[in-house]
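Just below is one structure, and these are the notes that go with it.
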Amino acid sequence: MSLSKNILITGGARGIGRGLARHLLSSGHRVFLLDNNASELHHTATVHLPPFASRPNQLSHSLCDLRNPSDIAAAIAEAKRFFAPEKLDVLINNAGISNPFWSDGKDMADPSFDVTQWDDFLSTNLTAPFLMSRGCIPLLRRDQESPEDGDRAERWGSIVNISSSRAHQSEPNTEGYAAAKSGLVGLTHSMAVSLSKYRVTVNAILPGWIDVSMENRKADEEGWRDETSVEHREWHLSGRVGRAEDVARTVEWVMATSFVNGQEVLVDGGVGRKMMYPE
């Protein structure tokens, strides 16, 4: 077990982000959550997650619209105050539009297609991670540490971008999502090169099918039932659909070492290695 880290997670109220927060809290890390859904964020931060914290002042949260640069700046300042006098160790850029398909159900060739959907995907799934990363560099950089800082002088800051297997594979009518998620992979290796002088690593996790139908307030309050089929499970080489914990364990591994840098790590149960030609 490595030393406890200070971790900022965007999109932490539901889905993969909530699973990340739960796992990292259980591992002893301090966590600060950002999300734009007030009711889900309040439930996650005050009801769902506290039982997984092992000490006081281990968890905090803030409402934030990542499409708004002033919201981003305010949220980063709040996270800085929460972690003070320590620095931020890890930024996890997880927030994003999760439905990969155009919201109006049309394809890009349709004359009535709403092109603003393209802007929504890029601003939320690509621009926001860039702005969050840029704003957090002063909190993450370790190039100014001195030997007197002990163990922390040997540690690097870490940025983990949650991309998608759809960065490399597509279904029809997912151009906006695919472009943003593949752009996030490019942003990852570019930032890794640029930020190495500040002793900050940057890596991308590419989840495949991760079942997060249980990771929300409604499921907590009304119950949840696994609706994945035998066919769905057997399609994966691992024999099951992914869980948020699979992504969380990968994130924890990536953020624990400075020698993994600029990489994309596929977490898809082996589906990407299967031949998919029709029989």
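So in numbering that gives the first Met the number 0 the end of the sequence shown lands on 278, straight run, no missing numbers.
Don't be surprised by glycine CBs; every beta carbon is placed ideally from N, CA and C.
Nothing here was measured: the structure is a model prediction, and the numbers come from that model.
- Between residue 199 and residue 156, the C-beta gap is smaller than 7 Å, which places the two residues in contact.
- Taking residue 40 as the centre and dropping the five residues before and after it, the same chain places the C-beta of 12, 32, 34, 60, 62 closer than 7 Å to its C-beta, in chain order.
- Check the Cα spacing between residue 76 and each of 182, 7, 257: the tightest is with 7.
- Taking every protein chain shown into account, the CB of residue 56 has fewer than 16 other CB atoms within 10 angstroms, so this residue is exposed.
- Look at the stretch 41-97 and you find these whole runs of alpha helix (DSSP H), each 4 residues long or longer: 68-82.
- Taking a contact as a CB-CB distance under 8 Å, the pair residue 139 and residue 87 counts as one, their CB atoms being some 6 Å apart.
- Cβ neighbours of residue 101 within its own chain (closer than 6 Å, five residues either side excluded): 116, 172.
- When Cβ pairs closer than 8 Å are counted between the two stretches, the stretch 225-243 is seen not to touch the stretch 252-262, the count staying below three.
- Exposure of residue 2 is indicated by the presence of fewer than 16 other C-beta atoms within 10 angstroms of its C-beta.
- Per the C-alpha coordinates, the member of 126, 26, 194, 174 positioned closest to residue 104 is 174.
- Within the stretch 168-214, the complete alpha helix (DSSP H) segments at least 4 residues long are 174-194, listed from N- to C-terminus.
- The Cβ atoms of residue 128 and residue 93 do not sit closer than 7 Å to each other.
- If you look at residue 31, you'll find it in the beta strand (DSSP E) that goes 29-34.
- Contact between residue 65 and residue 9 is confirmed by a C-beta separation of about 6 Å, below the 8 Å threshold.
- For residue 201, the closest of 249, 43, 181, 90 by C-alpha to C-alpha distance is 90.
- Per DSSP, residue 115 is one residue of the alpha helix (DSSP H) stretching across 115-121.
- Using a 10 angstroms sphere on the CB of residue 46, the tally of other CB atoms stays under 16, which defines it as exposed.
- Per DSSP, the beta bridge partners of residue 263 are 203.
- In the DSSP annotation of this structure, the continuous segment of the beta strand (DSSP E) that includes residue 157 starts and ends at 156-161.
- If you ignore the 5 residues before and after residue 112, its C-beta comes within less than 8 Å of the C-beta of 101, 103, 105, 106, all in its own chain and listed in chain order.
- Residue 9: member of the beta strand (DSSP E) spanning 5-9, first to last residue.
- A straight-line Cα-Cα distance of about 35 Å links residue 5 and residue 272.
- Only residues of its own chain outside the window of five on either side were considered, and among them 92, 128, 183, 187, 203 have a CB closer than 6 Å to the CB of residue 160, listed in chain order.
- In the DSSP assignment, residue 129 falls within the alpha helix (DSSP H) that extends over 127-139.
- Residue pairing by DSSP places residue 271 opposite no residue, since no beta bridge is assigned to it.
- Contact annotation: residue 240 and residue 15 have beta-carbon atoms that are not nearer than 7 Å.
- The DSSP-derived three-state label of residue 222 is coil.
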